[in-house]
Each structure stands twice: as C-alpha cells, then as structure tokens.
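Q:
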Amino acid sequence: MIRTRILTGDAVAEALDDLARLRIAVFRDWPYLYDGDLDYERDYLRAYQSPGAVVVAAYDGARMIGASTGAPMEDHAGDFAAAFAARSEPLDQIFYCAESVLLPDYRGHGLGHAFFDGREAQARALGRRFCTFCRVVRPEDHPLHPQDYRPLDGFWRKRGYAPLPGVVAEFEWKDIGEDDPTRKPLQFWMKTL
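With my numbering, the residue at position 99 of the sequence shown is 99, and numbering never jumps.
1) Please report the distance separating the alpha-carbon of Asp-196 from that of Ala-86.
2) May I ask which residues mark the beginning and end of the alpha helix (DSSP H) holding Trp-156?
3) What would DSSP say about Tyr-40, mapped onto helix, strand or coil?
4) Spell out a yes or no on whether the segment 170-184 and the segment 123-132 are touching, meaning 3 or more CB-CB pairs, one atom from each, closer than 8 Å.
5) Enumerate in chain order the residues of its own chain whose CB-to-CB distance from Tyr-106 is below 8 Å, with the five nearest sequence positions on each side excluded.
6) Nearest to Ala-13 by alpha carbon, out of Ala-25, Ile-24, Gln-49 and Asp-43?
7) How would you label Ser-68, buried or exposed, when you count the other beta carbons within 10 angstroms and need 16 or more for buried?
8) On a CA-only basis, which of Tyr-161, Gln-147, Arg-183 and Gly-154 is nearest Val-136? Give me that one, please.
9) Determine, using beta carbons only, whether Phe-188 and Cys-134 come nearer to each other than 7 Å.
10) For Asp-43, does the count of other Cβ atoms within 10 angstroms reach 16, so buried, or fall short, so exposed?
11) Look up Tyr-34 in the DSSP assignment and give the residues it is bridged to.
12) Please classify Ile-94: is it buried, with 16 or more other beta-carbons within 10 angstroms of its beta-carbon, or exposed?
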C-alpha cells in the first residue's frame, strides 16, 4: 500500500540515505542526466533539516519510492538571489519547492499532487505568499532526449504555476557519460498561494 509521510527535522535526518539513493536513481534519467554521488547528496540534503523545511516522502511498505523537498527561499538565497534580483517578491515570502523524485513504476497515480499539496501546505503554515520551483532546460535536439519524453508543463500549469520570464538560475553537475561537471540553466515557475 502506498502512503505519504511529511518529514521535518530529525525525521529528515533518519531518511537521508534513502532520499539520497532515490535522487541519484531518478535524476540519472532525462532531463537531469545526473551522475550522482552519495556523499554529495547526503551533504546537500542536510539543508532540509532546517526549520521550515519539509520532505514529503512516498512509501510502498517500508521502501521509499518517491519524495519531494521544500524549504523557505532564504535557505537557498545564495543560489537564487541573483535569479530573483529583478523580481518584486521578497525572498522571505517565497517557499522553494525543490526537487521531486518518483520511481517510474509509481508515476501517474496522483503522487505528484500529494507532493505539491504537502509542500504548499508547509508554505501556507509558514505564512508564505508564493511557491516556486525550477526545472532544468535542455535543448530539444540533445542526443539523449528520449522520443517518448512528456514534459510536466501541463501538470504544473493545472496546479496554477507559470514560468517566470527571465528568472533563470545556473547549476553545475556532472552528466552521465561526461568527465567534468557543466553548468545548466534552470527556469523558475511560480504560483501565488
């Protein structure tokens, strides 16, 4: 039976290894193509033990099969301040809906809604006015672009999100099959709560 749990604080710490392994497995696929590292993931995920952060985790029995992270935007100000510099929304009014990962066999059964519902509830509980997330932008003619790939734009729009023109961050990671990390653009989307 599939169930979701809201994890905060110490509960996030207890789930770090499962979440790290899940992120590495799911982000190997398009569009991330991420050649992940468990030590890096553990270090990165420690940010979600901060006050206000949340992990919405999905389980099939005891096995974590999906998760979605979120935190107050100021927890990520170093990464995103430049992208939001020209925006009128104060960072302390934005909740960052970070990554969502779900194993392929469990997609299409409503867990994406549960992930957004949990993070948006956390944003409202913190008194935030906006939720945002970013998605990696890859060229359509990328050699690893799967022919059957369906972007999630329609799902996000139905939930009330829209792309923010010109609000793009860049992050660096190593793609599978590459020797060195490269920078990738990530387009922000936002919703007013």
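Glycine included, C-beta positions come from ideal geometry on N, C-alpha and C.
A: Inspection of the coordinates gives the following:
1) This structure cannot speak to residue 196, because the chain is shown only from 1 to 193.
2) 153-158
3) Tyr-40: helix per DSSP, three-state reduction.
4) no
5) Ile-2, Ala-58, Asp-60, Ile-65 and Gly-66
6) Gln-49
7) buried
8) Arg-183
9) yes
10) exposed
11) Residue pairing by DSSP puts Tyr-34 in a beta bridge opposite Asp-175.
12) buried
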